[in-house]
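Number of protein chains: 2
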Amino acid sequence: MNAARLTPIPAASSHPTYPAVDIATLRAWHPYDIAESLERAEMSPLDIIEVLLRIGNHKALDAFQHLGIETQQACLEAGNTQTMLRFIENMDPDDRVDLLKKVDTDIREAMMPLIAQAERNEIRRLWHYAEGTAGAVMTTEYAFFPAAITVANALERLRLQAPDKETIYYIYITDADRHLQGMISLRRLIMSKPQTALADVMQTNVIAVRHDMQVEAVAEIISKYDFLALPVVDGEDRLLGIITVDDVIDIIRAENTEDFQRISAVVPFEEQYFKRPLTRLFWNRFCWLAILLFTSILSTAMMEWNLALLQQMVALAFFIPMVTGTCGNAGTQSATMVVRALALGEVFPRDYWRVFYRELLMGLALGLSLGFMAYFRVLLQDHNVMIGFIVAVALLATLLTANLAGALIPLVLRRLNLDPALTAGPFIATIIDAVGITIYFQIAVLLIKIF
Amino acid sequence: MNAARLTPIPAASSHPTYPAVDIATLRAWHPYDIAESLERAEMSPLDIIEVLLRIGNHKALDAFQHLGIETQQACLEAGNTQTMLRFIENMDPDDRVDLLKKVDTDIREAMMPLIAQAERNEIRRLWHYAEGTAGAVMTTEYAFFPAAITVANALERLRLQAPDKETIYYIYITDADRHLQGMISLRRLIMSKPQTALADVMQTNVIAVRHDMQVEAVAEIISKYDFLALPVVDGEDRLLGIITVDDVIDIIRAENTEDFQRISAVVPFEEQYFKRPLTRLFWNRFCWLAILLFTSILSTAMMEWNLALLQQMVALAFFIPMVTGTCGNAGTQSATMVVRALALGEVFPRDYWRVFYRELLMGLALGLSLGFMAYFRVLLQDHNVMIGFIVAVALLATLLTANLAGALIPLVLRRLNLDPALTAGPFIATIIDAVGITIYFQIAVLLIKIF
Chain A
116 MNAARLTPIP AASSHPTYPA VDIATLRAWH PYDIAESLER AEMSPLDIIE
166 VLLRIGNHKA LDAFQHLGIE TQQACLEAGN TQTMLRFIEN MDPDDRVDLL
216 KKVDTDIREA MMPLIAQAER NEIRRLWHYA EGTAGAVMTT EYAFFPAAIT
266 VANALERLRL QAPDKETIYY IYITDADRHL QGMISLRRLI MSKPQTALAD
316 VMQTNVIAVR HDMQVEAVAE IISKYDFLAL PVVDGEDRLL GIITVDDVID
366 IIRAENTEDF QRISAVVPFE EQYFKRPLTR LFWNRFCWLA ILLFTSILST
416 AMMEWNLALL QQMVALAFFI PMVTGTCGNA GTQSATMVVR ALALGEVFPR
466 DYWRVFYREL LMGLALGLSL GFMAYFRVLL QDHNVMIGFI VAVALLATLL
516 TANLAGALIP LVLRRLNLDP ALTAGPFIAT IIDAVGITIY FQIAVLLIKI
566 F
Chain B
116 MNAARLTPIP AASSHPTYPA VDIATLRAWH PYDIAESLER AEMSPLDIIE
166 VLLRIGNHKA LDAFQHLGIE TQQACLEAGN TQTMLRFIEN MDPDDRVDLL
216 KKVDTDIREA MMPLIAQAER NEIRRLWHYA EGTAGAVMTT EYAFFPAAIT
266 VANALERLRL QAPDKETIYY IYITDADRHL QGMISLRRLI MSKPQTALAD
316 VMQTNVIAVR HDMQVEAVAE IISKYDFLAL PVVDGEDRLL GIITVDDVID
366 IIRAENTEDF QRISAVVPFE EQYFKRPLTR LFWNRFCWLA ILLFTSILST
416 AMMEWNLALL QQMVALAFFI PMVTGTCGNA GTQSATMVVR ALALGEVFPR
466 DYWRVFYREL LMGLALGLSL GFMAYFRVLL QDHNVMIGFI VAVALLATLL
516 TANLAGALIP LVLRRLNLDP ALTAGPFIAT IIDAVGITIY FQIAVLLIKI
566 F
């Protein structure tokens, strides 16, 4: 026997695109890689279907599942109904419902009667779960047995059912009405004596989630307890489906993308970068930027208000970007740390007092040291002790405010059940700008009056 | 038989902390929850050890593993060597090495001779793998068999080995020198005929990674192919260990935290929020903010340069925060989208031309529409057509620049093997501020000359 041929992983950035690859090569690839290369080749939907049909094995059916949902939709709307039926029937139940919800109503209604009875019933069952809930991402292809059968019997049945199940590593024990009674891992099952009843070896202490739980919370539970799957039940503890760990990874990634986009004031997009329609993206970005532009009215108003002072001491204007910029950065720092700590469960809203104390201390330390630096920086450039003093004190006061606001606003948002990630965004930064300029001029007026 | 007792998941935010919970209650909890409540109670290391000893079952040993590494270290340095030995020996090999690397040298040297021979050899084997590589996070507790044994024999051996293995759902086939020859999933194994040799049912097309691969790349492979585990090999394809999917979830989370921190100019911290030492955090934040403060010298210099113009038309200063703020936001938007698309493999550096074209179009559309809005905004407040015109044109030019810079700089950084996430950070924003102010005044001077 030869040594195993360790499959070289196609380096993502050097992915050959379809025209350069022949069908025989594609046939040897993992379905995920087939899908990725089809996506990147930017072929027409009909060409994609053509290539998948020419590959012609089960991998081609699986590759369809790995295509982006917009590509799937385009294929479904362009392709022959009978051909597409095979792809549709092979899909995971939850992905299939997502796709059918997206597709043109006429096409869906033409296709539904042709879908096999069992799959059709499943589609109906999954149809009403709201997006973003456990019910909408669960799969119904799980292994379940009654408690009365023996371990040997369960293993025998598993052998037959295995090809149709998403996972057989966790087996669920239900009564005749599908009430969840327990679970047993395949590891435990093969370690148990063959003639024992499942009832005697199963674990009855099962962590399950309701179908209406948010997927982010489900992901949290699976990742914290290192589960491979989590059962989903209805209000009466009847088993509805399971959520597997690979879905959880996708959920965590999508959640992080959302947070990143929210931080930069882009309403989250589902599509891949190059697939996002430019007009929708334009409106999305335009609206945010327009709101931010109008928020900056505050900063402008503050300067107009102090027109006389500015005309008298125009150098004051020079240091506004420095003060607002530095304080905006400090606020973003504390906001990001608290937002992330909230997401990871390291901090809770009730910790506000501890967070306040910590960030007050930090804000004072940063404000004093940076204020000191700013003072000398102004002297170096401007030789004006008064302006140096104004800038330093304004920096200290603004930084303290920004640092505390950045840290505490996420806690308030979380308490109000809003997304704390909004804080780290430009909206707050724009407000901090205005507050910074206000403080700046207040302190300028005050100090000029005193001296 | 009663319906299963579905374990209520302790709501994270209402986690009772230790003093409020008696030992009997803790005994019923999942090790993860025990660890979490001990962490939150902020007990001394000796008290933590005391509680774990009083719980006294295997869950207590596992709970130690779920404590943060700083807490583990504190316990190890405070506790009795003999007691701590039990906790150490129960740890996963990779976590154990991480902890021993962190702990005081004297304590490590006192403990090493007491650790059982097998574990000690393992520690030596894992010691030299660099942090952040596959070798450093892999576990060596995997199931492996020779190719010649039968399916029935393999199942029999698995039954005995299962308790000591991290996972038995993927089984690896190796020769006498541990060269990886193939793998078989437990699902496939129990579906195979008992008398077949493993050689005939195993999959020889195995995706494996080298021990020096970065963990982020490993996470990418596992999540893309939906694997439960991935084998790690040396330069000669000898099996060294495996990386399991639950580790991958932790890697993805850590990676995202790092990105978030980098975006907000905080050097990534490993510790939990409340555990970060204030002095180190201060220096970390101070250095970044000081650098940014000095970068803003550019903005100030630009304004001084145009002192005469500003004194003549002081209202020009009013709209600087609006122009730089809006353009900074637009740049952050495009940067975040491209950074995320790079991370998810939707965009590659060689796509620069497509990205350029897309963001040029978008920048023009946004610049024209927001410039138009800004024009009316200035008229409303200032009744000065000239300033309105200057602001609108400056906004268009700066936004176009910021949008393109935000989108293209991440591609350049990636090409240079630097982290693209740096782009979305305040460093670039500060530079955009200066560039924006420069463009603003250039256009003001130009337009005033023309009219």
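So the protein sequences, as listed, match chains A and B.
116 is the number of the first residue of the first sequence in my numbering; add one for each residue after it.
116 is the number of the first residue of the second sequence in my numbering; add one for each residue after it.
Positions of the beta carbon are idealized from the N, C-alpha and C atoms, including for glycine.
Worksheet item: So what's L304(B) in DSSP terms, helix, strand or just coil?
Response: Residue numbering aside, residue 304(B) sits at position 189 when the second sequence is read from its first letter. Per DSSP, reduced to three states, the secondary structure at L304(B) is helical.
Worksheet item: Out of curiosity, what's the CA-to-CA distance linking S300(B) and I357(B)?
Response: Residue mapping note: residue 300(B) aligns to position 185 of the second sequence, counting from 1. Residue mapping note: residue 357(B) aligns to position 242 of the second sequence, counting from 1. S300(B) and I357(B) have their C-alpha atoms roughly 14 Å apart.
Worksheet item: Excluding five sequence neighbours on each side, which residues of the same chain lie with their C-beta closer than 6 Å to the C-beta of P146(B)?
Response: In the second sequence, the residue the question calls residue 146(B) occupies position 31. Excluding positions up to five away in sequence, the list reads K174, D177, A178, H181.
Worksheet item: Helix, strand or coil: how does DSSP classify L121(A) here?
Response: The residue given as residue 121(A) occupies position 6 in the first sequence. Legend: pLDDT at L121(A) = 47, less than 50; position of this residue unreliable, no value from coordinates given.
Practice prompt. Scan the segment 364-448 of chain B and note each continuous alpha helix (DSSP H) run of 4 residues or more that stays entirely inside, going in chain order.
Written response: Listed in chain order, the complete alpha helix (DSSP H) runs (minimum 4 residues) inside the segment 364-448 of chain B are 393-410, 412-420, 422-427, 430-433.
Worksheet item: Under the three-state reduction of DSSP, which class applies to H294(B): helix, strand or coil?
Response: Translated into the one-based positions of the second sequence, residue 294(B) becomes position 179. If DSSP states are grouped into helix, strand and coil, H294(B) belongs with the strands.
Practice prompt. Using the DSSP secondary-structure output, state which residues sit across from L354(A) in a beta bridge.
Written response: Here residue 354(A) corresponds to residue number 239 of the first sequence, with the count starting at 1. DSSP output for L354(A) lists V348(A) as bridge partner(s).
Discussion item. For chain B, check one thing: does any of its Cβ atoms lie closer than 9 Å to the Cβ of F491(A)?
Written reply: If you number the first sequence from 1, residue 491(A) lands on position 376. Between F491(A) and chain B, the shortest Cβ-Cβ separation is not below 9 Å.
Discussion item. Within a Cβ cutoff of 7 Å, which residues of the same chain sit near E237(A), ignoring the five residues on either side of it in sequence?
Written reply: Within the first sequence, the letter at position 122 stands for residue 237(A). The answer, listed in chain order, is P208, T255.
Discussion item. Counting only C-beta atoms, is M116(A) closer than 9 Å to chain B at any point?
Written reply: Walking along the first sequence from the start, residue 116(A) turns up at place 1. Residue placement at M116(A) is flagged as unreliable, the pLDDT there being 32, under the threshold of 50; a coordinate-derived value is accordingly withheld.
Worksheet item: Checking contacts by CB at 9 Å: is P278(B) closer than that to chain A?
Response: Here residue 278(B) is taken as the residue at index 163 of the second sequence, counted from 1. Chain A contact via Cβ: present.
Fill in: Interface residues of chain A facing T255(B) [CB-CB closer than 9 Å]
By one-based count along the second sequence, residue 255(B) stands at place 140. Under the 9 Å cutoff, chain A gives no residues; its nearest Cβ is about 18 Å from T255(B).
Worksheet item: Any Cβ of chain B within less than 9 Å of the Cβ of L121(A)?
Response: The sequence position of residue 121(A) within the first sequence is 6, counting from 1. Here L121(A) scores only 47 on pLDDT, less than 50, and its place in the model should not be relied on; the value that follows carries that caveat. Any Cβ of chain B closer than 9 Å to the Cβ of L121(A) would place that residue at the interface, and such an atom is present.
Item to complete: Helix, strand or coil for F259(B), going by three-state DSSP, please let me know.
Response: The count along the second sequence starts at 1 and reaches residue 259(B) at position 144. Assigned with DSSP and collapsed to three states, F259(B) falls in strand.
Practice prompt. Determine, using beta carbons only, whether G478(A) and L510(A) come nearer to each other than 9 Å.
Written response: Here the question's residue 478(A) lines up with position 363 in the first sequence. Here the question's residue 510(A) lines up with position 395 in the first sequence. No, the Cβ-Cβ distance between G478(A) and L510(A) is not below 9 Å.
Item to complete: Note down the Cα distance separating D374(A) from A536(A), rounded to an integer number of angstroms.
Response: Reading the first sequence from its first residue, position 259 is the one you call residue 374(A). Reading the first sequence from its first residue, position 421 is the one you call residue 536(A). A straight-line Cα-Cα distance of about 6 Å links D374(A) and A536(A).
Worksheet entry | Own chain residues within Cβ distance below 8 Å of I367(B), not counting five before or after | Taking the first residue of the second sequence as position 1, residue 367(B) is located at position 252. The residues are A334, S338.
Item to complete: Determine the direct distance from the alpha carbon of A430(B) to that of A559(B), and round the result to whole angstroms.
Response: As a position in the second sequence, residue 559(B) is number 444, starting the count at 1. As a position in the second sequence, residue 430(B) is number 315, starting the count at 1. Whole-angstrom Cα-Cα distance: 12 Å.
Fill in: Beta-carbon separation (whole angstroms), L295(B) vs P346(B), contact threshold 8 Å
In the second sequence, counting from the first residue as 1, residue 295(B) sits at position 180. In the second sequence, counting from the first residue as 1, residue 346(B) sits at position 231. Between P346(B) and L295(B) the Cβ distance is about 6 Å, and since that is below 8 Å, they are a contact.
Discussion item. Looking at M437(A): is its Cβ nearer than 9 Å to the Cβ of T553(A)?
Written reply: Walking along the first sequence from the start, residue 437(A) turns up at place 322. Walking along the first sequence from the start, residue 553(A) turns up at place 438. No, Cβ-Cβ distance for M437(A) and T553(A) is not below 9 Å.
Worksheet entry | Contact belief for I184(B) with I203(B) at Cβ below 8 Å, rounded distance in angstroms | What you label residue 184(B) is simply residue 69 of the second sequence in a count that begins at 1. What you label residue 203(B) is simply residue 88 of the second sequence in a count that begins at 1. Between I184(B) and I203(B) a beta carbon distance of about 13 Å is seen, past the 8 Å cut, so the two are scored as non-contacting.
Discussion item. Quick check on I299(A): does DSSP put it in helix, strand or coil?
Written reply: Taking the first residue of the first sequence as position 1, residue 299(A) is located at position 184. Secondary structure of I299(A) (DSSP, three-state): strand.
Practice prompt. Under the assumption that V454(B) contacts P392(B) (Cβ atoms under 8 Å), give the Cβ distance between them as a whole number of angstroms.
Written response: By 1-based counting over the second sequence, the position of residue 454(B) is 339. By 1-based counting over the second sequence, the position of residue 392(B) is 277. A Cβ-Cβ separation of about 29 Å leaves V454(B) out of contact with P392(B) under the 8 Å criterion.
Worksheet item: Where does V321(A) sit, in a helix, a strand or coil, going by DSSP?
Response: If you number the first sequence from 1, residue 321(A) lands on position 206. In the three-state reduction of the DSSP assignment, V321(A) falls in the strand class.
Fill in: Under 8 Å (Cβ pairs) to chain A, residues found in the segment 446-459 of chain B
Near chain A, meaning a CB-to-CB distance below 8 Å, the residues of the segment 446-459 of chain B are T447, Q448, A450, T451, M452, V453, V454, R455, A456, L459.
Worksheet item: Is A245(A) helix, strand or coil when you go by DSSP?
Response: Position 130 of the first sequence, counting from 1, holds the residue named residue 245(A). Note: A245(A) maps to coil in three-state DSSP.
Item to complete: Could you tell me the distance, in whole angstroms, from the CA atom of D162(A) to the CA atom of M199(A)?
Response: For this step, residue 162(A) is matched to residue 47 along the first sequence. For this step, residue 199(A) is matched to residue 84 along the first sequence. If you take the alpha carbons of D162(A) and M199(A), they lie about 13 Å apart.
Worksheet item: Could one say the Cβ of H145(A) lies closer than 9 Å to chain C's Cβ atoms, at least one of them?
Response: Among the protein chains of the structure shown, namely A and B, there is no chain C.
Item to complete: State the Cα-Cα distance for the pair G551(A) and E192(A), rounded to the nearest angstrom.
Response: For this step, residue 551(A) is matched to residue 436 along the first sequence. For this step, residue 192(A) is matched to residue 77 along the first sequence. Separation of G551(A) and E192(A) (C-alpha to C-alpha, rounded to the nearest whole angstrom) is 54 Å.
Worksheet item: Nearest CA to the CA of D137(B): which residue from D148(B), V166(B), A150(B)?
Response: As a first step, residue 137(B) must be located in the second sequence, where it is residue number 22. Considering only alpha carbons, the answer is V166(B).
Discussion item. When you compare the CB positions of L343(A) and I305(B), do they come within less than 9 Å of one another, or not?
Written reply: Reading the first sequence from its first residue, position 228 is the one you call residue 343(A). Reading the second sequence from its first residue, position 190 is the one you call residue 305(B). In this structure, L343(A) sits away from I305(B), with a CB-CB distance that is not shorter than 9 Å.
Practice prompt. Answer with buried or exposed for F487(B), where buried requires no fewer than 16 other C-beta atoms within 10 angstroms of its C-beta.
Written response: Against the second sequence, residue 487(B) aligns to sequence position 372. By the C-beta density criterion, F487(B) is exposed, having fewer than 16 other C-beta atoms within 10 angstroms.
Practice prompt. Please go through the segment 521-558 of chain A and give each complete beta strand (DSSP E) segment of 3 or more residues, from N-terminal end onward.
Written response: For the beta strand (DSSP E) assignment, the segment 521-558 of chain A encloses no uninterrupted run of at least 3 residues.
Worksheet item: Can V363(A) and G247(A) be called in contact, C-beta distance under 9 Å?
Response: As a working note, residue 363(A) is residue 248 in the first sequence. As a working note, residue 247(A) is residue 132 in the first sequence. Against a cut-off of 9 Å, the Cβ pair of G247(A) and V363(A) comes out as no contact.
Worksheet item: What is the DSSP secondary structure of S128(A), counted as helix, strand or coil?
Response: For the purposes of this step, residue 128(A) is taken as residue 13 along the first sequence, with counting starting at 1. Annotation note: pLDDT 39 at S128(A) (below 50); position unreliable, coordinate value reported separately. In this structure, S128(A) counts as helix in the three-state DSSP scheme.
Fill in: Interface positions of the segment 392-411 of chain B facing chain A (Cβ-Cβ less than 8 Å), listed along the chain
So the close ones are L393, L396, F397, R400, F401, W403, L404, A405, L407, L408, F409, S411.
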